[in-house]
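Structure first, then comments.
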DNA sequence: TATATTTACTTAAACGATTACGTAAATTTT
DNA sequence: AAAATTTACGTAATCGTTTAAGTAAATATA
């Protein structure tokens, strides 16, 4: 009936040129207010919206950013996305989501598919299965990239992280102050700076309190869920640790499950503490002491950094943004 | 240095026409295998990827779908997205995410911004703040839409839902069998078919067991978190219900908190049961009996339906896909 | 008043792909 | 061997914008 409504159609109806319509819509100084008003009015009346493909093609701007993360079904990342989305909305940007499932090959494949002008920039938290910084070293030259939480060091771009080392040190110290002497470490992200910083915070805190980190007290995360439960049970049987410090949320369920299965009382027999953004942490039995990262704010901040690059404002700002996590002491550490 | 690599560049280097390159890349029957191989080889060597804006513009295909949901930071939706993404990947599609924060105005604004060819189709779970079916009645005429979980009835498109009524009936019956006679209902999504079906399952199960639903035992969800806790506490003080049936996950934390605050024992003093995709449900104290929706599968199925429309295959299939939720009995209902 | 500048447009060329249509050569059919 | 068909390309239009460059009229400057 009415046909597709594009600037050509607007131009015809108003009996002016396509260029004038385009410029009017973009509020160009070259167009008189009178003409602009005519264009705007008709555009609204006909419910005109610009064809994104056409303007992307011509202007090389997509008004779209990509978020590449391991998995959306994770409290930290879903909150981060929420934070990212909020900022994207403010700038009128669209948000593409890609899940790598911790696979750097996927990561490369996704980012490569974004290099031909599908997006204006990329926000990413890298995958844990491999240390892949050379790839990113090249990537950041080709497209604006901001890394958050899981970053590589010394990349020439903005990075938003948390105080992993310090908070981990603080948390370990808390366990020690609660009387723990044999603190097991549930190790995640061991390929990444974030994971190593957490581990360093743990070992340094041990040292600072005259304790020695011990290889036998470390359990490394395995992607297959059941394995972690088995490993933790084995750990309890072999080593009888008096605390579990979990560096990632994924260990919480197997850790609690192991205690239930082995009839260990938390915090009497063993204290538990974990990095986590789980909203139900305080409803667990007993309520879980957590290191909670400001996930929403991280997403927020990362997005803001990306828009600094895209809008070429504040590029001289400090490019290593470090936010603070909080240690929330609850019953699982019992003091 | 090498300049942007597009089909023009490929054509020049191979000394053939742009059209031939384009057709070769699209594996057209018009092109000889020999030429195709030359093109493919060079394309790979130069790391050519087609400019999406250009092909979108010309072909009116974006290889992109949009997912419009209330919020990603919700176990159900993040799992659903995971399910959607899996299918999208298989078809080589990109996924845009929009969060409405339960605001139908946002919803309209987002969908309107997608009608000019930004995406090939839309997957959505509607907002709860308002019954908005007229809008969707028009929308489905303009663009392929699949609704999941939170749908409107009698829309001319695919809908993926769960057996809300039946599972709610079953769950209520379970509570009654556990001896409950005064089952309060924590009412969410009351503007939507899904919410009403859950409520109907509850009331019908009461009737079927000789119990009368009572207005005073109903608490309606409020967006402001603290209010729900207050309401539930008030409910306990005024009515002393012997069970809480929560129709949405958001009530879990205030429900448990209220019990803790009022020193009510679960399940002795009050039994609790909730719709939920919370992975920590079995670690709560006591472990929570849940109605768990197959969130991942819902996303999966919804995406499959959308691709049926996009690929014009199976359009004659049943368009009301209903998946089964499961009632997972745990300690909070104590029997 | 003649010249320079500003205002408010228009024309037309991009952007990078797809595709209808045209065509010469090779092959098949009669 | 002539006609018809198939194969394998090329030409050029097109998608809906943006924008450099051009221009006539209006206004400002000298």
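Residue numbers (the working numbering), protein chains in the order written: chain B, 1 to 335; chain H, 1001 to 1335. The C-beta atom is built at its ideal place from N, Cα and C for all residues, glycine as well. Because the structure is a prediction, the values reported are computed rather than measured.
query, result
"Under 8 Å Cβ-Cβ, which residues of chain H neighbour residue 95 of chain B?", "1096, 1097, 1098"
"Under the criterion of a Cβ to heavy atom distance below 7 Å, does residue 9 of chain B qualify as lining the ligand NAP?", "The ligand NAP is not among the ligands present in this structure, which contains no ligands whatsoever."
"Counting beta carbon pairs with one atom in the segment 267-280 of chain B and one in the segment 232-248 of chain B, are three or more of them shorter than 8 Å?", "yes"
"Check distances from the C-beta atoms of the segment 1252-1276 of chain H to those of chain B and list, in chain order, the residues that come in under 8 Å.", "1252, 1253, 1256, 1257"
"Would you kindly work out how many angstroms separate the C-alpha atoms of residue 1301 of chain H and residue 243 of chain B, rounded to a whole number?", "43 Å"
"Report the partner residues of residue 99 of chain B according to the DSSP bridge assignment.", "B:69"
"Below 9 Å on C-beta distance, what does residue 1085 of chain H contact in chain B?", "72, 97, 98, 99"
"Helix or strand or just coil, what does DSSP make of residue 44 of chain B?", "helix"
"So, is residue 315 of chain B buried or exposed, given that buried needs 16 or more other C-beta atoms within 10 angstroms?", "exposed"
"What are the partner residues of residue 1246 of chain H, as DSSP defines its beta bridges?", "H:1186, H:1274"
"Taking residue 118 of chain B as the query, report the chain H residues whose CB atoms sit under 7 Å from its CB, ordered along the chain.", "1052"
"Please go through the segment 1197-1255 of chain H and give each complete alpha helix (DSSP H) segment of 4 or more residues, from N-terminal end onward.", "1225-1239"
"Exposed or buried, which one is residue 1015 of chain H when buried takes at least 16 other CB atoms within 10 Å?", "exposed"
"Which residue or residues does DSSP assign as beta-bridge partners of residue 1121 of chain H?", "H:1065"
"Tell me whether residue 1315 of chain H sits in a helix, a strand or coil according to DSSP, three-state version.", "coil"
"Since residue 149 of chain B is in the alpha helix (DSSP H), which residue starts that stretch and which ends it?", "First-last for residue 149 of chain B: undefined, no H or E at that position."
"In the segment 275-297 of chain B, which residues sit with their C-beta less than 7 Å from some C-beta in chain H, listed in chain order?", "278, 279, 280, 283, 284, 285"
"What number of angstroms, rounded off, separates the C-alpha of residue 1166 of chain H from the C-alpha of residue 325 of chain B?", "44 Å"
"Leaving aside the five residues before and after residue 146 of chain B along the sequence, list all residues of the same chain whose C-beta is less than 6 Å from its C-beta, in chain order.", "123, 158, 302, 305, 306"
"Out of B:85, B:205, B:71, point me to the one whose CA is closest to residue 1082 of chain H's CA.", "B:71"
"Within the continuous alpha helix (DSSP H) that includes residue 1333 of chain H, where are the two ends?", "Run containing residue 1333 of chain H: none; DSSP gives neither H nor E here."
"Could you tell me how far apart the beta carbons of residue 1322 of chain H and residue 1172 of chain H are, in whole angstroms, since I believe they sit closer than 8 Å?", "Between residue 1172 of chain H and residue 1322 of chain H the Cβ distance is about 19 Å, and since that is not below 8 Å, they are no contact."
"Taking 8 Å as the CB-CB cut-off, is residue 167 of chain B touching chain H?", "no"
"Taking the alpha carbon of residue 1182 of chain H as the point to measure from, which residue in H:1137, H:1119, H:1042, H:1207 has its own alpha carbon closest?", "H:1207"
"Any contact between the segment 274-294 of chain B and the segment 55-63 of chain B? By contact I mean 3 or more CB pairs, one from each, below 8 Å.", "no"
"In angstroms, rounded to a whole number, what distance separates the CA positions of residue 1058 of chain H and residue 28 of chain B?", "27 Å"
"Got a sec: is the Cβ-Cβ distance from residue 44 of chain B to anything in chain H below 8 Å?", "no"
"Less than 8 Å between the CB atoms is what I'm expecting for residue 66 of chain B and residue 119 of chain B, so what's the real figure, rounded?", "5 Å"
"Any beta-carbon of chain H closer than 8 Å to the one on residue 82 of chain B?", "yes"
"When the Cα atoms are used, what is the spatial distance from residue 296 of chain B to residue 76 of chain B?", "8 Å"
"In three-state terms, what does DSSP make of residue 1174 of chain H?", "helix"
"What does DSSP give as the partner residues of residue 33 of chain B in its beta bridges?", "Answer by DSSP bridge pairing: none, since residue 33 of chain B is not bridged."
"Report yes or no: do three or more beta-carbon pairs, one from the segment 251-260 of chain B and one from the segment 208-215 of chain B, lie closer than 8 Å?", "no"
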